[in-house]
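Peer 1: Structure below; questions to follow.
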Amino acid sequence: MPSIPFRGETKTLNNETRQEAPGEFVQLSQGYVHYEQGGPEAGEKVVLVHGLSVPYYIWDPTFEALTGAGFRVLRYDLYGRGYSDRPQVQYDTRLFDGQLMELMNALEIDKAHLMGLSMGGVIAANFVNRHPERINKLVFIDPAGFDLGLSWQFNLILLPGFGELIFNLAGDETLLNSMADDFYLKYYVDEFIECYKPQMKFKGFKRALLSTWRNGMLKDDIGLYEPIGKTEREVLLVWGKEDQTVPFKHSSRLVAAIPQIQFHAIDEAGHIPHYELPEVVNPILINYLRGN
1 MPSIPFRGET KTLNNETRQE APGEFVQLSQ GYVHYEQGGP EAGEKVVLVH
51 GLSVPYYIWD PTFEALTGAG FRVLRYDLYG RGYSDRPQVQ YDTRLFDGQL
101 MELMNALEID KAHLMGLSMG GVIAANFVNR HPERINKLVF IDPAGFDLGL
151 SWQFNLILLP GFGELIFNLA GDETLLNSMA DDFYLKYYVD EFIECYKPQM
201 KFKGFKRALL STWRNGMLKD DIGLYEPIGK TEREVLLVWG KEDQTVPFKH
251 SSRLVAAIPQ IQFHAIDEAG HIPHYELPEV VNPILINYLR GN
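According to the working numbering, the stretch in the sequence shown is residues 1 to 292, in order.
See below:
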């Protein structure tokens, strides 16, 4: 399937443009993956999985806190995002599951704590259901997998051809404007958007987002989480009470599906409470991972 050119996507990811990026790269079966590891090599391993469109910088406060606390932390860009390649494939659970498995294998991570934010929660839940032996503790932060209350107009982008047209006409503006909805504390928005913009210039970004939506990565699917509730696995849930992206009301469904879950509701925080209020969320994460 040929790639459709989108307005604003003028650059190609290659050896030259990858030099612009911090972190490191590893070549996996579907292309190069951009990642960063930090913290003492002997530390307990933690893997951070971001959401739909914001690449690994969304974990900046968490990465700094966990590495400083002695954990060995891995964060990476999902295929189609950040500086990772944009393969010509379907962007679905199979792709993201394979990416995480191959990345852990390539970096010789036999077992780790797994933390998923938003759509990263869907990826994390799917991964632990398929590969329970590779994961210790689980953390979900404002996870997707619930009804997002999207308008019928928004769902028009799922239609082949129409979604491409809409993204070409107003895709950049729509994506950037939507960043503000993730925040309760709006003074973070401008710096967040500036970090977001570079990935938008690389060909294949919008194609990857459209494919992700069309392949059901954001659908309402509590059944994805229910198998975890039938195990004795330790699970932490952190959710911003003012989340306008994945509404806070869905937290009760997840708590019901996973009876053993430890739940922390964060006041005055939106969809990314770990980024807005790191001074509140980081101690929760560190204490949980340490077993306190």
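The C-beta atom is built at its ideal place from N, Cα and C for all residues, glycine as well. In this text the structure is predicted, and so the values were computed from the model without any measurement.
For my contact list, Val313 and Ala144 are in at a C-beta cut-off of 8 Å; report their separation, rounded to the angstrom.
Peer 2: The question about residue 313 has no answer, for the chain in this structure spans 1 to 292.
Peer 1: Quick one: residues in its chain with C-beta nearer than 7 Å to the C-beta of Gly70, no 5 flanking neighbours on either side, listed in chain order?
Peer 2: Gly39, Pro40 and Gly43
Peer 1: Between the C-alpha atoms of Asp92 and Glu36, what's the straight-line distance to the nearest angstrom?
Peer 2: 23 Å
Peer 1: Pairs of beta-carbons, one from the stretch 112 to 121 and one from the stretch 134 to 141, closer than 8 Å: are there three or more?
Peer 2: The stretch 112 to 121 is in contact with the stretch 134 to 141.
Peer 1: Might you give, ordered along the chain, the residues of its own chain that have their beta carbon closer than 6 Å to the beta carbon of Gly263, omitting 5 neighbours on each side?
Peer 2: First, the residue type needs correcting, since residue 263 is Phe and not Gly in the sequence shown. The residues are Leu237 and Val255.
Peer 1: Could you spell out the range, first to last residue, of the beta strand (DSSP E) harbouring Gly116?
Peer 2: Ala112 to Leu117
Peer 1: Ordered along the chain, which non-local residues of its own chain (more than five positions away) have a Cβ less than 7 Å from that of Pro267?
Peer 2: The sequence given here places Asp at residue 267; Pro does not occur at that position. So the list reads Lys241, once near-sequence residues are dropped.
Peer 1: So, using beta-carbon positions, are Phe6 and Phe162 closer together than 8 Å?
Peer 2: Cβ distance not < 8 Å, so Phe6 and Phe162 don't count as in contact.
Peer 1: Name the residue from Trp239, Leu28 and Val89 whose alpha carbon lies nearest to the alpha carbon of Tyr76.
Peer 2: Leu28
Peer 1: Does the stretch 191 to 207 come within contact of the stretch 99 to 111, defined as at least 3 CB pairs closer than 8 Å?
Peer 2: Judged by Cβ distances under 8 Å, the stretch 191 to 207 makes no contact with the stretch 99 to 111, as fewer than three pairs qualify.
Peer 1: For Ser84, which of Met104, Ala21 and Val46 has the nearest alpha-carbon?
Peer 2: Answer by Cα proximity: Ala21.
Peer 1: Excluding sequence positions up to five away, which residues of its chain have a Cβ less than 7 Å from the Cβ of Met1?
Peer 2: Low local confidence applies: a pLDDT of 43 at Met1 is under 50, so the model's placement there is unreliable, with the coordinate-based value given in what follows. If we look at Met1 and ignore the five residues flanking it on each side, its Cβ neighbours are Gln88.
Peer 1: Going by C-alpha to C-alpha distance, which of Thr231, Tyr79 and Lys111 sits closest to Arg72?
Peer 2: Lys111
Peer 1: What are the start and end residues of each continuous alpha helix (DSSP H) run of 4 or more residues lying completely inside the stretch 21 to 89, in chain order?
Peer 2: 60 to 68
Peer 1: What's the C-alpha gap between His34 and Phe25?
Peer 2: The alpha-carbon atoms of His34 and Phe25 are separated by roughly 5 Å.
Peer 1: Let's test the definition: count the other Cβ atoms within 10 Å of the Cβ of Asn126 and tell me whether it reaches 16, buried, or not, exposed.
Peer 2: buried
Peer 1: For Asn292, does the count of other Cβ atoms within 10 angstroms reach 16, so buried, or fall short, so exposed?
Peer 2: With fewer than 16 neighbouring CB atoms inside 10 Å of its own CB, Asn292 falls in the exposed class.
Peer 1: Suppose the cutoff is 7 Å on Cβ atoms and the five residues either side in sequence are ignored; what does the same chain contact list for His250 look like?
Peer 2: Result list for His250: Phe146, in chain order.
Peer 1: I believe Pro293 touches Pro278 by the beta-carbon criterion, under 8 Å. Please report the beta-carbon distance rounded to the nearest angstrom.
Peer 2: The first residue shown for the chain is 1 and the last is 292, placing residue 293 beyond what the model contains.
Peer 1: Give the straight-line distance between the Cα atoms of Val46 and Leu285, rounded to the nearest whole angstrom.
Peer 2: If I take the Cα positions, the gap works out to 11 Å.
Peer 1: Using a Cβ-Cβ cutoff of less than 7 Å, which residues in the same chain neighbour Thr10 once the five nearest sequence positions on both sides are dropped?
Peer 2: Lys201
Peer 1: In chain order, what are the residue ranges of uninterrupted alpha helix (DSSP H) at least 4 long that sit wholly in the stretch 206 to 286?
Peer 2: With a minimum length of 4 residues, the unbroken runs of alpha helix (DSSP H) contained wholly in the stretch 206 to 286 fall at 226 to 229, 251 to 257 and 273 to 276.
Peer 1: Could you say which of Phe192, Val128 and Leu117 lies nearest to Leu224 if we only look at CA atoms?
Peer 2: The residue with the shortest Cα to Cα distance from Leu224 is Val128.
Peer 1: Given that a residue counts as buried once 16 or more other Cβ atoms are within 10 Å of its Cβ, and exposed if not, what is Gly68?
Peer 2: exposed
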